[in-house]
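Structure first, then comments.
Residue numbers (our numbering): 63 to 507.
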């Protein structure tokens, strides 16, 4: 029996919280609300939801199914399923690529998460309360130029992540998500309430939800497709590893719909918490680190209760980052356990490798950029594409039907058709778009 087979999440809801925690990361908070507002608001949300239904959800069901059927780490799950289906051992590479991609992602993700931890401290100490915009902007610049400060916060975040994973699936990851995810939702609701009272809530809602199909360009559709794939943490082995601990034979489809709804809802709520504060202070909405570490601190510095709610916001960001980072390490740890390693040393070995990569990312910006580019633009789309092809074309249909927990009928037929045809085409388009091929062709012709 596989070691993972004897370990399961305490309940289906623990799995939902773990998978949602893996999906909800920095991209939900600093990217999705902005790209929604910039690309047609409600029109973009409709296209995004269609992409989630046609690409994200089908592949996520397939990845969880592969994990639950294999009851092991991504490499051994793929090897076991391929062997049983009479396929090649080469399919094990899919799990390996995902595991390596997760570890590489952790190498730069922990650096950015370290910035969020630093801002929890800065906010709680009131250091930017009432400070001029130039000083707040300079602080972020100083943080980026200080290798020493980044080293400390990156190391602390890496230690937190490794400590959770080392404690085990149920006592570590399971307990952590059962605390972190409800806390994240509570903090988010408090921030939305604060934003409604102190911010320009009407302007924020108009920015995000006004339906303008004239701004829904072909590029906006490609952006929606890309985010629908990346937001659910697909292609990096995390969801497959979590699926190995999925209890019983409950329907995976209903579970994934819940995860997708929570992931999208949290991203939209983050925008409702942030943009009203931005507009209330006549600031320019943006995305990425500039929004989170410059624009919002300026907004909090000028508002009553800004010290408390600014601290709350960066605590929320740190929680989102931690819930994602633990899923980046777990697939590799599960693989090492299968090889006979004990969980604690394997966790800290892999955590140490990721930490060293983070140190390199701090000292050399080219390393940071290369890790980001390779994982997001190449490894994850390839991993997701191969998982979709493997489950829909390589595994016998009866095995897929049994392992998904679906009862057949129209719902299964629709999902199976989407996984076979629409999702692979969509992921391939995302892959080519992420490589800039469409832009190059546009410039050429």
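Glycine included, C-beta positions come from ideal geometry on N, C-alpha and C.
Considering only residues of the same chain and omitting the five flanking positions on each side of residue 99, which have a CB-CB separation below 6 Å? For the purposes of this step, residue 99 is taken as the residue at position 37 of the chain shown. Hits under 6 Å: 269 and 270.
In angstroms with no decimal places, state the Cα-to-Cα distance between residue 431 and residue 418. Indexing the chain shown from 1 puts residue 431 at position 369. Indexing the chain shown from 1 puts residue 418 at position 356. Cα-Cα distance, rounded: 16 Å.
Pick out whichever of 119, 133, 110 and 111 has its Cα sitting closest to the Cα of residue 305. If you number the chain shown from 1, residue 305 lands on position 243. For the residues 119, 133, 110 and 111, the minimum Cα distance to residue 305 belongs to 133.
I need the DSSP call for residue 349, collapsed to helix, strand or coil. Counting from 1 along the chain shown, the entry for residue 349 is found at position 287. DSSP places residue 349 in coil when its eight states are reduced to three.
Could you pull the start and end residues of the alpha helix (DSSP H) that residue 497 belongs to? Working through the chain shown from its first residue, we reach residue 497 at position 435. Element bounds for residue 497: n/a, residue is neither H nor E.
Residue 326 versus 294, 349, 196 and 341, residue with shortest Cα-Cα distance: Numbered from 1 along the chain shown, position 264 holds the residue referred to as residue 326. It is 294 whose Cα lies nearest to the Cα of residue 326.
Cα-Cα, which of 143, 168 and 91 is closest to residue 429? Looking up residue 429 in the chain shown gives position 367. Answer by Cα proximity: 168.
In chain order, what are the residue ranges of uninterrupted alpha helix (DSSP H) at least 4 long that sit wholly in the region 409-474? 427-435, 442-451 and 459-466
On the criterion of 16 or more Cβ atoms from any shown chain inside 10 Å, does residue 180 qualify as buried, or is it exposed? The count along the chain shown starts at 1 and reaches residue 180 at position 118. Burial call: buried.
Determine the direct distance from the alpha carbon of residue 105 to that of residue 254, and round the result to whole angstroms. For the purposes of this step, residue 254 is taken as residue 192 along the chain shown, with counting starting at 1. For the purposes of this step, residue 105 is taken as residue 43 along the chain shown, with counting starting at 1. Here the alpha carbons of residue 105 and residue 254 stand approximately 23 Å from one another.
Alpha carbons only, please: which of 381, 206 and 310 is nearest the one belonging to residue 426? If you number the chain shown from 1, residue 426 lands on position 364. Out of 381, 206 and 310, 206 has the C-alpha closest to the C-alpha of residue 426.
Distance between residue 80 and residue 408 (C-alpha atoms, nearest Å): Locating residue 408 in the chain shown gives position 346, counting from the first residue. Locating residue 80 in the chain shown gives position 18, counting from the first residue. Going by the C-alpha atoms only, they are around 21 Å apart.
In chain order, each alpha helix (DSSP H) run of at least 4 residues that lies wholly inside the region 288-324: 300-305
Counting along the chain, where does the alpha helix (DSSP H) carrying residue 37 start and finish? Only positions 63 to 507 of the chain appear in the structure, and residue 37 is not among them; the question remains open.
Pairs of beta-carbons, one from the region 307-323 and one from the region 467-480, closer than 8 Å: are there three or more? yes
Measure the Cβ-Cβ separation of residue 101 and residue 278 and say whether it is below 8 Å. As a working note, residue 101 is residue 39 in the chain shown. As a working note, residue 278 is residue 216 in the chain shown. Contact flag set, yes.
Taking residue 160 as part of the alpha helix (DSSP H), name the residues at either end of that continuous run. To locate residue 160, count along the chain shown from 1; it is residue 98. Taken as a continuous stretch (DSSP letters only), the alpha helix (DSSP H) holding residue 160 covers 154-186.
Rounded C-beta distance between residue 392 and residue 235? I'm assuming under 8 Å. Within the chain shown, residue 392 is the residue found at index 330, counting from 1. Within the chain shown, residue 235 is the residue found at index 173, counting from 1. At roughly 7 Å, the Cβ-Cβ gap stays under 8 Å, so residue 392 and residue 235 are in contact.
May I ask which residues mark the beginning and end of the alpha helix (DSSP H) holding residue 116? Residue mapping note: residue 116 aligns to position 54 of the chain shown, counting from 1. Note, residue 116: premise wrong, no alpha helix (DSSP H); not H, not E.
Please determine if the region 382-397 and the region 152-168 are in contact, where contact requires at least 3 C-beta pairs separated by less than 8 Å. yes
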